[in-house]
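Chains A and B supply the protein sequences, listed in that same order.
With this note's numbering applied, the first sequence has no gaps in its numbers, which climb one by one up to 107 at the end.
With this note's numbering applied, the second sequence has no gaps in its numbers, which climb one by one up to 429 at the end.
Worksheet: the structure to be examined is printed underneath.
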Amino acid sequence: MPSPAALILSLSLLPGLLLAAPPAQRQAELRNLLYQDCGSCHGMKLTGGLGPALTRDALRGKPREFLAATVREGRAGTPMPPWKQELSDADIAWLVELLLNPEKQP
Amino acid sequence: MKRLWPLLLLVTVFAHAGTPRATGDLGVVVERADGSLLLVEHSHDGILARITGLGDLSHASVVFSRDERYAYVFGRDGGLSKVDLLEGRLVRRVMQSGNSIGGAISQDGRLIAVSNYTPGGVRIFDAETLELLADIPAEYGNGKRSKVVGLVDAPGQRFVFSLYDADQIWIADMRDPRRPAITRFRDIGHQPYDALITPEGRYYIAGLFGDDSMSLLDLWHPENGVRRILRGYARHDARLPVYKMPHLEGWAIAGRQAFVPAVGQHKVLVVDTDDWSLRDEIDVHGQPVFVMARPDGRHIWVNFAHPDNDTVQVIDAETRRIVKTLKPGKAVLHMEFTPRGEKLWMSVRDENRINVYDTATLTRTRELAARKPSGIFFTDRAHRTGL
Numbered sequence: 002m003p004s005p006a007a008l009i010l011s012l013s014l015l016p017g018l019l020l021a022a023p024p025a026q027r028q029a030e031l032r033n034l035l036y037q038d039c040g041s042c043h044g045m046k047l048t049g050g051l052g053p054a055l056t057r058d059a060l061r062g063k064p065r066e067f068l069a070a071t072v073r074e075g076r077a078g079t080p081m082p083p084w085k086q087e088l089s090d091a092d093i094a095w096l097v098e099l100l101l102n103p104e105k106q107p
Numbered sequence: 043m044k045r046l047w048p049l050l051l052l053v054t055v056f057a058h059a060g061t062p063r064a065t066g067d068l069g070v071v072v073e074r075a076d077g078s079l080l081l082v083e084h085s086h087d088g089i090l091a092r093i094t095g096l097g098d099l100s101h102a103s104v105v106f107s108r109d110e111r112y113a114y115v116f117g118r119d120g121g122l123s124k125v126d127l128l129e130g131r132l133v134r135r136v137m138q139s140g141n142s143i144g145g146a147i148s149q150d151g152r153l154i155a156v157s158n159y160t161p162g163g164v165r166i167f168d169a170e171t172l173e174l175l176a177d178i179p180a181e182y183g184n185g186k187r188s189k190v191v192g193l194v195d196a197p198g199q200r201f202v203f204s205l206y207d208a209d210q211i212w213i214a215d216m217r218d219p220r221r222p223a224i225t226r227f228r229d230i231g232h233q234p235y236d237a238l239i240t241p242e243g244r245y246y247i248a249g250l251f252g253d254d255s256m257s258l259l260d261l262w263h264p265e266n267g268v269r270r271i272l273r274g275y276a277r278h279d280a281r282l283p284v285y286k287m288p289h290l291e292g293w294a295i296a297g298r299q300a301f302v303p304a305v306g307q308h309k310v311l312v313v314d315t316d317d318w319s320l321r322d323e324i325d326v327h328g329q330p331v332f333v334m335a336r337p338d339g340r341h342i343w344v345n346f347a348h349p350d351n352d353t354v355q356v357i358d359a360e361t362r363r364i365v366k367t368l369k370p371g372k373a374v375l376h377m378e379f380t381p382r383g384e385k386l387w388m389s390v391r392d393e394n395r396i397n398v399y400d401t402a403t404l405t406r407t408r409e410l411a412a413r414k415p416s417g418i419f420f421t422d423r424a425h426r427t428g429l
């Protein structure tokens with residue numbers, strides 16, 4: 002079991018390279034999860050709600066590893082839960098890529 | 043008979059297919075992804091029309107005019123829409139903020155209040171024209187504005203709401219609609235995420251995300267301030283991740299017991315409404331989202347947050363035991379009882395379906411097609427405080 006720091010490091014160095022993209026069916030599930038379930042706090046169009054906006058503009062300048070760590074570990078003191086029990090590192094990397102490059106439809 | 047003709051003519055103008063009809067058995071279902079509403083009726087469990095063009099309806103909620111003819115729809119994108127149920131069409135729509143979360147209608151039916159995240163605050167509109175009457179910015183120092191949650195109507199032409207970022211509850215007295223008189227309660231508990239008002243309109247109760255307690259305001263005695271109830275209800279357990287915030291809607295009351303969702307615990311809490319003490323904790327399948335009492339109070343229906351949102355449990359209010367675990371399909375989002383509770387409609391988002399249940403036998407009697415359905419709202423809410 003690698004330490005969280007090692008995971009963050011590996012993600013930051015190798016975004017999406019070592020982590021193979023999830024299969025097509027999983028991608029469809031993740032897309033639904035993002036817009037429908039994450040959307041219950043962040044808005045279905047990711048324009049924000051109780052949680053902050055996750056549009057590309059809102060996330061501009063935020064490092065991939067920071068976004069991945071937020072999804073994985075949650076954010077203490079806020080309602081953002083840790084998703085590591087639900088999502089693999091590959092799932093999270095794919096979601097972060099979708100947030101940062103929605104037009105590429107990874 | 044001759045004298046009746048002008049009246050009949052008038053009625054047929056308003057009726058959809060030439061047959062006069064009333065609205066007491068109508069309702070709407072939010073189709074969140076398409077920005078549309080289904081106009082439905084629950085006497086025969088049918089879909090009458092689809093009303094489109096309502097914008098972003100994620101997390102949309104609805105209140106009804108006191109004549110049960112109009113639905114006011116609060117959209118996530120700040121849109122406030124007025125829909126005519128008899129004519130099945132959108133009659134007015136204003137974009138009133140950047141990001142809104144819900145709304146309420148005043149005791150006298152003349153005012154619509156909308157709670158906003160961006161910019162944080164409440165705006166008051168004329169129910170007839172949707173003209174803006176008053177703006178209540180949720181300022182809490184240094185120019186900061188809080189997201190507003192848990193907005194309800196209360197007797198005395200008041201609205202009550204909570205400031206998520208500021209740990210406050212405000213009462214807005216709207217007897218002069220253009221000049222709200224605000225009473226503020228500070229340090230009510232950390233991160234109020236939603237609130238409810240008891241059916242008679244006396245107690246306003248906010249759920250807290252950042253504290254394991256709830257905040258109670260007695261609207262008969264606001265001078266006594268806000269008091270904390272259920273303190274430390276989760277102290278003995280590890281806090282579990284909350285993948286969707288619970289909702290406090292209505293007040294699941296059966297006798298002296300009220301049933302509310304715990305936060306971060308897979309439990310329904312049973313509260314004694316005489317002294318607001320914790321009476322029992324019922325272990326359930328997941329993080330509860332909606333905890334709703336059948337109108338007769340005998341059964342409590344509970345749905346759950348992701349990843350347990352394919353399940354619904356029914357609790358017997360008397361024995362406080364789970365009497366049935368249902369698997370309705372993927373992503374159960376909301377439930378609505380018919381006015382006297384013989385049926386329940388349930389939105390099953392990822393199955394693109396509404397399930398209808400017989401609440402006596404707890405069996406599914408019907409399925410209706412809907413696109414990504416979320417909230418279900420029947421018109422009898424028009425006459426219930428807080429809904």
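Positions of the beta carbon are idealized from the N, C-alpha and C atoms, including for glycine.
Computed from a predicted model, the values in this text were never measured in an experiment.
Using only alpha-carbon positions, find the residue among A/62, A/86, A/73, A/26 that is nearest to residue 101 of chain A. A/62
Using a Cβ-Cβ distance cut-off of 9 Å, determine whether residue 63 of chain A contacts chain B. no
Please state the DSSP three-state secondary structure of residue 378 of chain B. strand
Just to check my reading of the structure: residue 113 of chain B and residue 70 of chain B have Cβ atoms closer than 8 Å, yes? What is that Cβ distance to the nearest angstrom? 5 Å
From the DSSP output, in three-state form, read off residue 278 of chain B for me. coil
Rounded C-beta distance between residue 333 of chain B and residue 370 of chain B? I'm assuming under 8 Å. With a Cβ gap of about 16 Å, residue 333 of chain B and residue 370 of chain B do not count as contacting.
How big is the Cα-Cα spacing for residue 412 of chain B and residue 79 of chain B? 10 Å
Roughly how far, in whole angstroms, is the beta-carbon of residue 239 of chain B from the beta-carbon of residue 268 of chain B, given that I think they are within contact range, below 8 Å? The pair is not a contact, with the Cβ atoms about 14 Å apart (cut-off 8 Å).
Of the residues that make up the region 39-52 of chain A, which ones have a beta carbon closer than 8 Å to any beta carbon in chain B? 40, 41, 42, 44, 45, 46, 48, 49, 50, 51
With distance defined between alpha-carbon atoms, name the residue in B/272, B/191, B/217, B/368 nearest to residue 176 of chain B. B/217
Within 10 angstroms of the Cβ of residue 183 of chain B, are there 16 or more other Cβ atoms? Answer buried if so, exposed if not. exposed
Going along the chain, which residues of its own chain have a beta-carbon closer than 8 Å to the beta-carbon of residue 165 of chain B, five neighbours each way excluded? 138, 139, 155, 156, 158, 174, 176, 177, 178
Using a beta-carbon distance below 9 Å, is residue 102 of chain A in contact with chain B? no
Roughly how far, in whole angstroms, is the beta-carbon of residue 354 of chain B from the beta-carbon of residue 373 of chain B, given that I think they are within contact range, below 8 Å? At roughly 12 Å, the Cβ-Cβ gap does not stay under 8 Å, so residue 354 of chain B and residue 373 of chain B are not in contact.
Within a Cβ cutoff of 6 Å, which residues of the same chain sit near residue 204 of chain B, ignoring the five residues on either side of it in sequence? 191, 192, 211, 234, 237, 248
Under a three-way DSSP split, which group does residue 417 of chain B fall into? strand
Would you call residue 343 of chain B buried or exposed, if buried means 16 or more other Cβ atoms sit within 10 Å of its Cβ? buried
Tell me whether residue 240 of chain B sits in a helix, a strand or coil according to DSSP, three-state version. coil
Test item: CB-CB of residue 40 of chain A and residue 100 of chain B under 9 Å: yes
With a 10 Å radius around its C-beta and 16 neighbouring C-beta atoms as the bar for buried, classify residue 418 of chain B as buried or exposed. buried
Using three-state DSSP, classify residue 106 of chain B as helix, strand or coil. strand
C-beta neighbour in chain B for residue 16 of chain A, strict 9 Å: Residue placement at residue 16 of chain A cannot be trusted, given a pLDDT of 47 that sits under 50; what the coordinates show is reported in the next sentence. Chain B, which has no Cβ nearer than 9 Å to the Cβ of residue 16 of chain A, makes this no.
Contact with chain A by residue 186 of chain B, beta-carbon distance below 9 Å: no
For the region 46-55 of chain A and the region 23-30 of chain A, state whether three or more C-beta atom pairs, one from each stretch, are separated by less than 8 Å. no
Please check if any C-beta of chain B sits within less than 9 Å of the C-beta of residue 99 of chain A. no
Where the alpha helix (DSSP H) containing residue 67 of chain A begins and where it ends: 65-74
Comparing the C-beta of residue 82 of chain A with each C-beta of chain B, is any distance below 9 Å? yes
In three-state terms, what does DSSP make of residue 121 of chain B? strand
Report yes or no: is there a C-beta of chain B within less than 9 Å of the C-beta of residue 34 of chain A? yes
Verify whether the separation of the beta carbon atoms of residue 67 of chain B and residue 407 of chain B is less than 9 Å. no
Taking the DSSP output, what are the residues bridged to residue 299 of chain B? B/296, B/314
Per-residue contacts from residue 75 of chain B into chain A (C-beta, under 9 Å): 36, 37, 45
By the DSSP assignment, the beta strand (DSSP E) with residue 321 of chain B in it spans what residues? 320-325
Going along the chain, which residues of its own chain have a beta-carbon closer than 6 Å to the beta-carbon of residue 160 of chain B, five neighbours each way excluded? 140, 141
Any chain A beta carbon closer than 9 Å to residue 284 of chain B: yes
Chain A within 9 Å of residue 263 of chain B, Cβ atoms only: no
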